[in-house]
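One structure is given here, and the rest of the page talks about it.
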Amino acid sequence: MLVQQIRINILASHPFFTLLTPDDISKLANLMYEIYVPKGEIIVKEGNLIDSIFLIEEGTAEVTRTSNKVDSKEDILLAKLSKGEAIGLMETGFFSRNKLRSATVTALTEVKLLGIGLKDFNKFMEQSGSLYPNFRQSADIILRINLIKSIHSFSNLNIESINHIMSNIKELKLPLNHVLFREGEPGDICYLLEEGEIEIFRKNVSTQHDESIAKLKPPAIIGEAAILTKSQTRNASVVTKTECKLLALDQNFLFEFFKNDTRAVDSTVILLLSRYHPKHVAHISVEKKQENGNDIIYTLRNKKTSATICLSPIEIEVWNNLDGKHILQDVIDKFSTNDEVKSSIINLVLELYHEKFIDFSVDLAPEIKLEKRSRQGWFNFIKKYFK
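Numbered according to numbering that gives the first Met the number 0, the sequence shown spans residues 0 to 386.
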């Protein structure tokens, strides 16, 4: 009871929550979780997407912003925060105009925080939407940005590219048991699932009956295969299992976007390759050896071509999963902890393909030729592919 009252007092003392009733504040306090951050640890980082709101329950933290100079970068101290102060929230709404964290917050002491995910917070605020219209509008935009960013195919994009996508999406609200599209139909739109659940069916060749092959919840991208492989027809049927909210992107926009946005190169390569099954070729040997007394290196050798590639322990784990049973997206999901790691996995897979250590057990679309390319080379290929 004492813990609950402390949370209520902290929320009630912040200017943003002054319009809420005591009952609302009590309900909000119940939704919040506690998190402890050690001294010196970063709580939120400048430039990251806003995905949570925090209030300090105990401890102090400093707020800094990076200043870019001609030949260096400098962290400028903006403020110090203590008990009762919020991170990312001010009395009128988000402490950000571009939907990204506007500063880095670092714990000066051990800090105890009250936190709540933005999605949960936004749902709670729906009941008070008339009191906080500007906040609700900003929160909806940020949640949509987070949705797009959470789709692996778009996770490498920066905020400008994501804003460009957002300005070209159409929102759809569909009832339960609505058929979004059927296998074999023309496919010129892909969808991002924002709310609800959908089920994917594919026709069994033997029985000619539709069989369920997957159920998806947000975040998920649906129907991109027909567009990206240029097959023009859907390879499965999709039906809503609940009321759903989806964001639609048409083929013409996607083609123009992939052609003209150099920042989308990495994401486009992932989109083109993620559905395929990388598989070891025959005649590959693996040798494990230790270098400098500590570092373990694995050497792959193609006995046919005599080509060799050296891999780290983490890279050999990726190699072991390129067995033809997993699509590339599954391998990325398993090992990626951030965008940098994801990019490294893509580059490793491409290198293994170029040097003839792996192939794809499912034929690539005829237009997709995995030649050895620089990043600019991939961009030129994408412009031609999506012409």
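Note that beta-carbon positions come from the ideal geometry of N, C-alpha and C, so glycine has one too.
DSSP three-state assignment for Arg143, whether helix, strand or coil: For the purposes of this step, residue 143 is taken as the residue at position 144 of the sequence shown. Here Arg143 sits in helix by DSSP.
Whole-angstrom distance between Leu349 and Pro365, CA atom to CA atom: Locating residue 365 in the sequence shown gives position 366, counting from the first residue. Locating residue 349 in the sequence shown gives position 350, counting from the first residue. Its pLDDT being 48, under 50, Pro365 is placed unreliably by the model, and the measurement read from it follows with that caveat. Between Pro365 and Leu349, the C-alpha separation is close to 17 Å.
is_contact[Ala11, chain D] using C-beta, thresh 9 Å: Reference to chain D is not applicable here, since this structure consists of a single protein chain.
Assigned secondary structure, Ser198 (DSSP; H/G/I helix, E/B strand, else coil): Your numbering for residue 198 matches position 199 in the sequence shown. The sequence given here places Glu at residue 198; Ser does not occur at that position. The three-state secondary structure of Glu198, taken from DSSP, is strand.
Any non-hydrogen atom of the ligand NAD within 8 Å of Asp249 CB: Only the bare structure without any ligand can be found here, which leaves the ligand NAD out of the picture.
Terminal residues of the alpha helix (DSSP H) in which Glu84 lies: By one-based count along the sequence shown, residue 84 stands at place 85. Per DSSP, Glu84 belongs to no alpha helix (DSSP H) and is neither H nor E.
Opening and closing residue of the alpha helix (DSSP H) in which Asn29 lies: As a first step, residue 29 is located in the sequence shown; it is residue number 30 there, counting from the start. Pro21 to Leu30 is the span of the alpha helix (DSSP H), which, as asked, contains Asn29.
Per DSSP, the bridge partner or partners of Asn301: Sequence index remark: in the sequence shown, residue 301 carries index 302 (1-based). Ile283.
Three-state secondary structure (DSSP) of Asp362: Counted from its first residue, the sequence shown places residue 362 at position 363. Low confidence applies here, because Asp362 scores a pLDDT of 49, under 50, leaving its location unreliable; read the following figure in that light. Reduced to three states, the DSSP call for Asp362 is coil.
Pick from Asn203, Ser160, Gln207 and Ser211 that is closest to Ile197, judged by C-alpha positions: The count along the sequence shown starts at 1 and reaches residue 197 at position 198. Considering only Asn203, Ser160, Gln207 and Ser211, the residue with the shortest C-alpha distance to Ile197 is Ser211.
Whole-angstrom distance between Phe334 and His353, CA atom to CA atom: The residue you call residue 353 lines up with position 354 of the sequence shown. The residue you call residue 334 lines up with position 335 of the sequence shown. Distance from the CA atom of His353 to the CA atom of Phe334, rounded to whole angstroms, is 21 Å.
Supposed close pair Lys148, Leu48 - CB separation, criterion 8 Å: Position 149 of the sequence shown, counted from the start, is the residue given in the question as residue 148. Position 49 of the sequence shown, counted from the start, is the residue given in the question as residue 48. 6 Å between Cβ atoms; contact.
Contact under 9 Å by Cβ, Gln250 with Ile188: Numbered from 1 along the sequence shown, position 251 holds the residue referred to as residue 250. Numbered from 1 along the sequence shown, position 189 holds the residue referred to as residue 188. Result yes, Cβ atoms of Gln250 and Ile188 sit closer than 9 Å.
Pick from Leu76, Ile9 and Ile161 that is closest to Ile55, judged by C-alpha positions: Residue 55 sits at position 56 when you count from the first residue of the sequence shown. Check the Cα spacing between Ile55 and each of Leu76, Ile9 and Ile161: the tightest is with Ile9.
Status (buried if at least 16 other CB within 10 Å, exposed otherwise) for Tyr35: Numbered from its first residue, the sequence shown carries residue 35 at position 36. Exposed is the call here.
Alpha-carbon spacing of Lys202 relative to Asn157, whole angstroms: Here residue 202 refers to the residue found at position 203 of the sequence shown. Here residue 157 refers to the residue found at position 158 of the sequence shown. One C-alpha to the other measures close to 38 Å.
Option in Leu191, Leu215, Tyr190 and Glu193 with minimal Cα separation from Phe200: Working through the sequence shown from its first residue, we reach residue 200 at position 201. For the residues Leu191, Leu215, Tyr190 and Glu193, the minimum Cα distance to Phe200 belongs to Leu215.
DSSP state of Leu173 mapped onto helix, strand, coil: As a first step, residue 173 is located in the sequence shown; it is residue number 174 there, counting from the start. DSSP places Leu173 in the strand class (E or B) of the three-state scheme.
Local conformation of Lys122 per DSSP, three classes: On the sequence shown, residue 122 is found 123 positions in, with the first residue counted as 1. Helix.
Residue burial classification, Gln3 (beta-carbon count within 10 angstroms, cutoff 16): To locate residue 3, count along the sequence shown from 1; it is residue 4. Looking at its Cβ environment, which holds fewer than 16 other Cβ atoms inside 10 Å, Gln3 is exposed.
Beta-carbon spacing of Ile315, Val340 below 9 Å: As a position in the sequence shown, residue 315 is number 316, starting the count at 1. As a position in the sequence shown, residue 340 is number 341, starting the count at 1. No, they are not a contact pair.
Among Glu40, Arg64, Ala281 and Val280, the one whose alpha carbon lies nearest that of Ala102: If you number the sequence shown from 1, residue 102 lands on position 103. It is Arg64 whose Cα lies nearest to the Cα of Ala102.
For Tyr190, the residue or residues it bridges with in DSSP: Against the sequence shown, residue 190 aligns to sequence position 191. Paired residues: Ile221 and Ala247.
Own chain, CB closer than 6 Å to Lys38, minus 5 neighbours either side, in chain order: Here residue 38 refers to the residue found at position 39 of the sequence shown. Cβ neighbours of Lys38 beyond the five flanking positions: Ala106, Thr108 and Glu109.
Cross-strand partners of Val426 (DSSP beta bridge): This structure cannot settle anything about residue 426, because the visible part of the chain is limited to 0 through 386.
Beta bridge counterpart(s) of Ser160 as assigned by DSSP: As a first step, residue 160 must be located in the sequence shown, where it is residue number 161. Secondary-structure assignment with DSSP links Ser160 through no beta bridge to anything.
Beta-carbon gap between Val43 and Phe53 smaller than 9 Å: What you label residue 43 is simply residue 44 of the sequence shown in a count that begins at 1. What you label residue 53 is simply residue 54 of the sequence shown in a count that begins at 1. At the C-beta level, Val43 and Phe53 come within 9 Å of one another.
Assumed close pair His217, Glu193 - CB separation to whole angstroms, cut-off 8 Å: Counted from its first residue, the sequence shown places residue 217 at position 218. Counted from its first residue, the sequence shown places residue 193 at position 194. Note that residue 217 is Pro in the sequence shown here, rather than His. That belief holds up - the Cβ atoms of Pro217 and Glu193 are roughly 6 Å apart, short of 8 Å.
Nearest-angstrom beta carbon gap, Phe256 and Ile161 [assumed within contact, 8 Å]: Mapped onto the sequence shown, residue 161 falls at position 162. Mapped onto the sequence shown, residue 256 falls at position 257. Rounded, the Cβ-Cβ distance is 11 Å, inconsistent with contact.
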